[in-house]
Amino acid sequence: MNWLARLGAKGRPAGDELARCGACRFFTNDALGLEAAIPGLRSLGSATSSVRSDDGLCALHDQYLGARRCCADFQEREALGADPDRG
Amino acid sequence: MSSTQSAIEARRIEPPARTAGSAWNKDDWWAVLLGLGLVLAAIALFQYDSSLKWLAVTPARWSTFGQLGADLANNAIRYLAQFAFWAVTFSIITAALGFETRRFLPAFLLLYVASLVIFAIGQWDQANKYNLEPPLVALALGLAVANTTGLPRLFEAGFRVELYIKTGIVLLGATLPLSLMVWAGPIAILQASIVSLATFFVIFYAARWFGLDKRLAATLGVGGAVCGVSAAIAISGAVGGRKGDAPIAITTVVIWAIVMIFALPLVARVLQLPTGVAGAWIGTSEFADAAGIAAAQAYGELAGHVDGIAGTSDQAVWAFSLLKIVGRDVWIGIWAFVLAIVATTRWEVREGGRGTDAGEIWRRFPKFIIGFLAASVLITLSTRGLSLADYNKVAVPTLVNPVKDMRSWAFIFCFLSIGLTTRFRDLAEAGIRPFLAFTAGVVVNVILGFVLSTIVFASYWTNLVR
Chain A
1 MNWLARLGAK GRPAGDELAR CGACRFFTND ALGLEAAIPG LRSLGSATSS VRSDDGLCAL
61 HDQYLGARRC CADFQEREAL GADPDRG
Chain H
88 MSSTQSAIEA RRIEPPARTA GSAWNKDDWW AVLLGLGLVL AAIALFQYDS SLKWLAVTPA
148 RWSTFGQLGA DLANNAIRYL AQFAFWAVTF SIITAALGFE TRRFLPAFLL LYVASLVIFA
208 IGQWDQANKY NLEPPLVALA LGLAVANTTG LPRLFEAGFR VELYIKTGIV LLGATLPLSL
268 MVWAGPIAIL QASIVSLATF FVIFYAARWF GLDKRLAATL GVGGAVCGVS AAIAISGAVG
328 GRKGDAPIAI TTVVIWAIVM IFALPLVARV LQLPTGVAGA WIGTSEFADA AGIAAAQAYG
388 ELAGHVDGIA GTSDQAVWAF SLLKIVGRDV WIGIWAFVLA IVATTRWEVR EGGRGTDAGE
448 IWRRFPKFII GFLAASVLIT LSTRGLSLAD YNKVAVPTLV NPVKDMRSWA FIFCFLSIGL
508 TTRFRDLAEA GIRPFLAFTA GVVVNVILGF VLSTIVFASY WTNLVR
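Quick note, the sequences are listed as chains A and H, same order.
Residue numbers for the first sequence follow my numbering, beginning at 1 and rising by one.
Residue numbers for the second sequence follow my numbering, beginning at 88 and rising by one.
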C-alpha cells in the first residue's frame, strides 16, 4: 500500500463490505432525479459527470453525500416490500 | 464496541447491484469515445489522402443573403449527413445516460437548426462589428428564450451542456500541440494553483466570517477555485453537505459564470489584450469550463477583425485550455479527497465514518481530460514526419481544420444549451451571505488572474505558437 492509499485508509471504520449509503433505502442517486432535485445543476454541469462520482441525497439526514458512507440508521433498500414470511 | 459500531458492523451486505458510478452512466467516457473516435477517423482518412471535411461542413463567410442561401443549398446533403451523425451518436449516448430517444431527437433537431442559424450569423462579414460572436449570440438567445417564453420541459433531454462541452474539449485537444502543453503546462499549473488557493481561502474564510457552515463554505470555495458547478456538486458530496448547500453554491456559481462570460471578453476588448493573454485570464478567472470556452472563443474570434487585438483565435482557446483544464480541473479529485477527510475527521465526527479513500481521486477525476490529452498525442504522432510548411499546407486544411469545425459545432450546441437550461427563476434562493462570500473570492480571483496573465506570465501567453 502506497502512502496515498495509507492516508486514505487511515481512520476508516471498517472494510468495503460494510453497509453503505448506496444500498440504503433513504439514499437516492439516480442522475436524472438529482438533476430535477438540484436547481441549476444541468445548466453548467450535470449529474452524469465523473466528478459527482456516486453521491446522492439522504432523505433521513437531509444530506448530499457519497454512496460509500455509512451510518447507524442504515436500512437496506432491498428489504423494503420484502415478504416478511421469507425470514 | 459502541452500540453504533455494533449496528454498522452487524449489517454486512453486498454493494448495490446498480450504482450511479458505472462508467457507462457518465458523460465523460462517452465524450472521450466520441471525440477520440472522430480524431481517429480524421487521422485514418488523412493517411489515405482523404479528409473528414465533407462531414465537417460549416457555413462559409457571406455578405448577402443570396450568398448564404446558395451556400446552404449547395451543401444541404452534407448538413443532413452531419445532423444524422450527431443525432445518431448523441442518441446512443443519451440513451445510455437514461434519456428517452423519442424525447432527445426532437430537442436535438431544434438545437441543430438553431445552431446552424447562429453559426451562419457568425459568418456574416459584419458580425464582429455588431458583437455577433456565435458563443455570445447562442448564450444570449438561449437565455432570452429560457427566461421569457421558455421551452417545454420535454426538450431538456436534448440540452446536455456537459456532454457537448466535453466532446468539444476532447476535439480541442487535437488542435493543441503536445509541445505547447509541455512548454506552457507547468506555468499554467503554477498560475492556476496560486489563484485557486487564494480564491478558495478567501471564499472559505469570508463564508465562515459570515457565519456559514464549514461544509457550505468549502463547497462555495472550491466552486470558485476549480470548476464551478461541477466542483460544487463534487465537494458537497465529498464533505456531506446539507441538502440545500449544493443548490446554493450552484446558484451563486451560475450567476457569476454568466456575468463573466460577457464581462471578461468585454474588459479584455477595452484593454485590447492579446488573445493568448485574454485566454489565460479567462482560464484563470472564469468558473465553469463551458462558460470559459464561450468567453475565450468569443474573444479569440475578434483577432484579425478588430483593430488593436493581437494574436490568433487559437491562442485564446489554447491559453484558456491550459489554465482551466490542465491548471485547475485536473485537481478536483484531490480537493474532494482532502476535504472529505477534513470534513469527516474534524467537522462532522459521527458514526458515519469517512467513507472515502485514495480511490476518490480517480473516481472524481474528470475523465474527459484523458481524451483531451490523448487527442493531442494522436495528432502530434500522426503528423510528426511533416515539416512546419507541409503541416500548414497539408495537415491543417485536411486533418486539423475538419476536427476544429466539428469542435465548433459541439461548442455551439453547448453554448445554446447553457442558455436554454439557465432559468433564473428556477435557481435556488442563495441568500445574501453565500453570495457575498463568493463575490469576495471573485474579486480576488479576477484581480490576481489579471495580474498574473497580463504582467507576471504575459510572455508565455502572448507567445503561444506551434
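Yeah, the Cβ is synthetic: ideal placement off N, Cα and C, and Gly gets one too.
Could you name the residues of chain A that residue i contacts, counting a contact when the two beta carbons are closer than 7 angstroms?
i, result
"Thr508/H", "Arg42, Ser43"
"Leu514/H", "Pro39, Gly40"
"Val73/H", "This structure cannot settle anything about residue 73/H, because the visible part of chain H is limited to 88 through 553."
"Glu505/H", "Here residue 505/H turns out to be Ile, not Glu, going by the sequence shown. Per Cβ cutoff of 7 angstroms: Ser43, Leu44."
Since residue i meets chain H, which of its residues come closer than 7 angstroms, beta carbon to beta carbon?
i, result
"Leu65/A", "Gly324, Gly327"
"Arg97/A", "Chain A is shown only over 1 to 87; residue 97/A falls outside these bounds and no answer can be derived."
Measuring only between beta-carbons, confirm whether residue i sits less than 8 angstroms from chain A.
i, result
"Ile100/H", "Residue placement at Ile100/H is flagged as unreliable, the pLDDT there being 37, under the threshold of 50; the coordinate-derived value follows with that caveat. For Ile100/H, the answer is yes, since a Cβ of chain A falls inside 8 angstroms of its Cβ."
"Gly315/H", "yes"
"Ile616/H", "For residue 616/H there is no data in the structure shown, the boundaries of chain H being 88 and 553."
"Thr91/H", "Residue placement at Thr91/H cannot be trusted, given a pLDDT of 40 that sits under 50; what the coordinates show is reported in the next sentence. Yes, contact with chain A."
"Asn112/H", "yes"
"Glu249/H", "yes"
"Pro103/H", "Low per-residue confidence applies at Pro103/H: pLDDT is 40, beneath 50, and the placement is therefore not dependable, though the value from the model is reported in the following sentence. Closer than 8 angstroms to some Cβ of chain A, the Cβ of Pro103/H qualifies, so yes."
"Arg471/H", "no"
"Ile419/H", "yes"
"Val309/H", "no"
"Val232/H", "no"
"Arg451/H", "yes"
"Gly185/H", "yes"
"Ile256/H", "no"
"Ala293/H", "no"
"Pro334/H", "yes"
"Asp477/H", "no"
"Lys140/H", "no"
"Lys216/H", "no"
"Lys454/H", "yes"
"Lys301/H", "no"
"Lys330/H", "yes"
So who's on the other strand from residue i, going by DSSP bridges?
i, result
"Cys314/H", "In DSSP, Cys314/H forms no bridge with anything."
"Tyr64/A", "Leu57/A, Gly328/H"
"Thr28/A", "Leu57/A"
"Glu76/A", "Cys24/A"
"Trp149/H", "Trp211/H"
Determine the closest residue to residue i out of the options, with distance taken between C-alpha atoms.
i, options, result
"Pro39/A", "Leu238/H, Ile320/H, Glu435/H", "Ile320/H"
"Ala147/H", "Arg247/H, Asp492/H, Phe191/H", "Asp492/H"
"Thr509/H", "Arg240/H, Arg471/H, Pro484/H, Ile380/H", "Arg240/H"
"Ile419/H", "Phe452/H, Leu263/H, Val481/H", "Phe452/H"
"Gly311/H", "Phe374/H, Ala515/H, Trp548/H, Ala378/H", "Phe374/H"
"Arg512/H", "Gly185/H, Val144/H, Ala194/H, Asn234/H", "Asn234/H"
"Gly387/H", "Pro484/H, Val429/H, Arg520/H, Asn218/H", "Asn218/H"
"Val144/H", "Ala157/H, Ala131/H, Leu167/H", "Leu167/H"
"Phe246/H", "Tyr547/H, Cys501/H, Gly536/H", "Cys501/H"
"Arg356/H", "Ala385/H, Leu267/H, Gly528/H", "Ala385/H"
"Gly260/H", "Leu523/H, Val487/H, Ile534/H, Leu226/H", "Val487/H"
"Ser138/H", "Ala279/H, Leu303/H, Val481/H, Leu475/H", "Val481/H"
"Ala214/H", "Leu230/H, Leu159/H, Trp149/H", "Trp149/H"
"Asp30/A", "Val248/H, Ala318/H, Phe186/H, Gly518/H", "Phe186/H"
"Gly315/H", "Val538/H, Trp343/H, Gly324/H, Arg295/H", "Trp343/H"
"Leu539/H", "Gly518/H, Leu514/H, Val364/H, Ile396/H", "Val364/H"
Would residue i count as contacting chain H if we go by Cβ distances under 8 angstroms?
i, result
"Leu60/A", "no"
"Gly8/A", "In this prediction, Gly8/A has a pLDDT of 44, which is less than 50 and means its spatial position is unreliable; what the coordinates show is noted afterwards. Taking Cβ atoms only, chain H reaches closer than 8 angstroms to Gly8/A, which makes this a yes."
So, under 8 angstroms CB-CB, residue i and residue j are touching, yes? Tell me the CB distance rounded to an integer number of Å.
i, j, result
"Gly153/H", "Thr254/H", "The Cβ separation is near 34 angstroms, so there is no contact."
"Val126/H", "Leu465/H", "6 angstroms"
"Val119/H", "Lys330/H", "Not quite, the Cβ-Cβ distance comes to about 32 angstroms (not below 8 angstroms), so this is no contact."
"Phe525/H", "Ile290/H", "6 angstroms"
"Asp401/H", "Thr262/H", "7 angstroms"
"Leu265/H", "Ser504/H", "About 30 angstroms separates the two Cβ atoms, so there is no contact after all."
"Ser178/H", "Phe170/H", "Not a contact, Cβ separation roughly 12 angstroms."
"Ile322/H", "Ala305/H", "6 angstroms"
"Thr339/H", "Leu307/H", "7 angstroms"
"Arg25/A", "Gln75/A", "5 angstroms"
Could you work out which residues of chain A lie near residue i, taking near to mean beta carbons separated by less than 9 angstroms?
i, result
"Thr338/H", "Pro39, Gly40"
"Lys491/H", "Per Cβ cutoff of 9 angstroms: no residues; Lys491/H is ~24 angstroms from chain A at best."
Taking Cβ-Cβ distances shorter than 8 angstroms, what residues in chain A pair up with residue i?
i, result
"Arg190/H", "Neighbours of Arg190/H on chain A: none; closest Cβ ~11 angstroms, over 8 angstroms."
"Leu465/H", "The contacting residues do not exist; Leu465/H stays about 21 angstroms from chain A at best."
"Ala375/H", "Leu44, Gly45"
"Ala344/H", "Leu44"
"Asp115/H", "Ser49, Ser50"
Can you determine whether any heavy atom of the ligand ADP sits closer than 7 angstroms to the C-beta of residue i, and answer yes or no?
i, result
"Thr151/H", "The ligand ADP is absent from the structure shown, which contains no ligands of any kind."
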